[in-house]
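Residue numbers (my numbering): 190 to 589.
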Ligand SMILES: Cc1ncc(COP(=O)(O)O)c(C=O)c1O
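Here it is as structure tokens:
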């Protein structure tokens, strides 16, 4: 059995009696993933149940109704909290449901400062849903901490950043922003979807909460949606647990199980994503049809220095400029291994077109303001043989 201490990443276990600080992969495979007490099954059971029998009124085994809690979900929440170094986590039906859950803690008149280049669905939620409830959002370029500081108001409750951003791959200095937030008593929330906890640990850098679309690298197999909020304080855990129960956008036991299965190989997948990512970025940077490459692992990236100390790898996400919508379409019609599709973080390489897909909701003006062009293509480099990925991109680029 695993015994979790107050910070549950410092677990001790009968399997590892002398290991007070198990490594990342050990935690990915064992925290919350201990063998089933009843049967010894090495994988966590999928508790497909809507309710639980009670022994008498008010007496039960800690589970009453599946919207409130489910043992498969509990195990995943322990596991992800451990990987991000939080006290606990709460999982939701999607990444957007997780971000929305955080915002339900706000009231009319509250203010949020966020990065001006986020996954397009996030400003869509902020501007087209939550602004209607009187929550105010200010978008700034968070690559400069001074912009964040200037945007803070008395009513500011949260600074929300993605780093690297989607799809421009710009970085924000998490330690510097967290220091400003701490001084002003504002929570820093980081969307860590692109890096995964394997390459970036925002809580260690001062973040108050971390959010993920588990749909991406944490699951890693493109077979389920999900979202998580990892917390650093007990009151956050309590509030988000209440939101799960009150609003009900919880992750199903089957999808919790898919993520539990996926995270077991997170470290080896991320290593391969990173190796392939570096090779593909170098190939694109040297290709005559490619006008510009956005990848924090290239020495000409404006924040290459920051990338080297804030992240322990550069990852699999790359954007590049083909010059026009027509060029982007010519090449995207030709890709085979690098299929055209609207997600990222799976074992298979996926290409996408931010202007018409992930960032369509920003509108032409919104995209122009932050530098997303019609010729930009984003690639989530998978873990196939890198020579095959490069050969596919090469033949597709020949169509331009
Ligand atoms: C960085 C980032 N955050 C959040 C989301 C939303 O996640 P989901 O699609 O699971 O709702 C996405 C989706 O692409 C994303 O890329």
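Just so it is clear, CB atoms sit at the ideal spot from N, CA and C, and this is done for glycine as well.
Since the structure is predicted, the reported quantities are computational estimates derived from the model, not experimental observations.
Should residue i be listed as close to ligand 1, given that the test is whether its C-beta is under 8 Å from any heavy atom?
{"i": "residue 141", "result": "Any question about residue 141 goes unanswered here, given that the chain covers just 190 to 589."}
{"i": "residue 328", "result": "no"}
{"i": "residue 286", "result": "yes"}
{"i": "residue 308", "result": "yes"}
{"i": "residue 533", "result": "yes"}
{"i": "residue 501", "result": "no"}
{"i": "residue 412", "result": "no"}
{"i": "residue 571", "result": "no"}
{"i": "residue 351", "result": "yes"}
{"i": "residue 355", "result": "yes"}
{"i": "residue 480", "result": "no"}
{"i": "residue 441", "result": "no"}
{"i": "residue 343", "result": "no"}
{"i": "residue 415", "result": "yes"}
{"i": "residue 283", "result": "yes"}
{"i": "residue 380", "result": "yes"}
{"i": "residue 405", "result": "yes"}
{"i": "residue 547", "result": "yes"}
{"i": "residue 538", "result": "no"}
{"i": "residue 562", "result": "no"}
{"i": "residue 311", "result": "yes"}
{"i": "residue 278", "result": "no"}
{"i": "residue 361", "result": "no"}
{"i": "residue 402", "result": "yes"}
Tell me whether residue i is buried or exposed, calling it buried when 16 or more other Cβ atoms sit within 10 Å of its Cβ.
{"i": "residue 554", "result": "exposed"}
{"i": "residue 239", "result": "exposed"}
{"i": "residue 439", "result": "buried"}
{"i": "residue 423", "result": "exposed"}
{"i": "residue 557", "result": "exposed"}
{"i": "residue 210", "result": "exposed"}
{"i": "residue 217", "result": "buried"}
{"i": "residue 587", "result": "exposed"}
{"i": "residue 542", "result": "buried"}
{"i": "residue 574", "result": "exposed"}
{"i": "residue 591", "result": "Absent from the model: residue 591. The displayed extent of the chain is 190 to 589, so no value can be given."}
{"i": "residue 617", "result": "Only positions 190 to 589 of the chain appear in the structure, and residue 617 is not among them; the question remains open."}
{"i": "residue 245", "result": "exposed"}
{"i": "residue 199", "result": "For residue 199, the pLDDT reaches just 44, beneath the cut-off of 50, and the residue's location in the model is therefore unreliable, although a value from the coordinates is still provided. Exposed is the call here."}
{"i": "residue 488", "result": "exposed"}
{"i": "residue 491", "result": "exposed"}
{"i": "residue 262", "result": "buried"}
{"i": "residue 362", "result": "buried"}
{"i": "residue 236", "result": "buried"}
{"i": "residue 354", "result": "buried"}
{"i": "residue 254", "result": "exposed"}
{"i": "residue 484", "result": "buried"}
{"i": "residue 308", "result": "buried"}
{"i": "residue 351", "result": "buried"}
{"i": "residue 208", "result": "exposed"}
{"i": "residue 228", "result": "exposed"}
{"i": "residue 232", "result": "exposed"}
{"i": "residue 191", "result": "Low confidence applies here, because residue 191 scores a pLDDT of 44, under 50, leaving its location unreliable; read the following figure in that light. Buried, because 16 or more other Cβ atoms sit within 10 Å of the Cβ of residue 191."}
{"i": "residue 331", "result": "buried"}
{"i": "residue 194", "result": "Low local confidence applies: a pLDDT of 43 at residue 194 is under 50, so the model's placement there is unreliable, with the coordinate-based value given in what follows. Under this definition residue 194 is an exposed residue."}
For my contact list, residue i and residue j are in at a C-beta cut-off of 8 Å; report their separation, rounded to the angstrom.
{"i": "residue 357", "j": "residue 316", "result": "No, residue 357 and residue 316 are not in contact; Cβ-Cβ is about 19 Å, not under 8 Å."}
{"i": "residue 537", "j": "residue 504", "result": "Incorrect: roughly 16 Å between the Cβ atoms, too far for contact."}
{"i": "residue 273", "j": "residue 457", "result": "That belief does not hold up - the Cβ atoms of residue 273 and residue 457 are roughly 19 Å apart, past 8 Å."}
{"i": "residue 375", "j": "residue 348", "result": "6 Å"}
{"i": "residue 283", "j": "residue 269", "result": "Contact flag wrong, Cβ pair sits at about 15 Å."}
{"i": "residue 581", "j": "residue 527", "result": "5 Å"}
{"i": "residue 642", "j": "residue 468", "result": "Because residue 642 is not part of the residues shown, which for the chain are 190 to 589, the question remains open."}
{"i": "residue 220", "j": "residue 267", "result": "6 Å"}
{"i": "residue 280", "j": "residue 265", "result": "6 Å"}
{"i": "residue 301", "j": "residue 346", "result": "6 Å"}
Quick check: the segment 420-430 against the segment 460-476, are at least 3 beta-carbon pairs closer than 8 Å? no
Any contact of the segment 484-495 with the segment 563-574, i.e. 3+ C-beta pairs under 8 Å? no
Three-pair Cβ contact test at 8 Å for the segment 375-385 versus the segment 395-415: yes
Assess contact between the segment 400-416 and the segment 525-539, defined as three or more Cβ pairs (one per stretch) separated by less than 8 Å. Is contact present? yes
Three CB pairs or more closer than 8 Å across the segment 384-392 and the segment 323-341: no
Tell me whether the segment 357-371 and the segment 505-513 touch, counting them as touching only if at least three CB pairs, one residue from each stretch, are closer than 8 Å. yes
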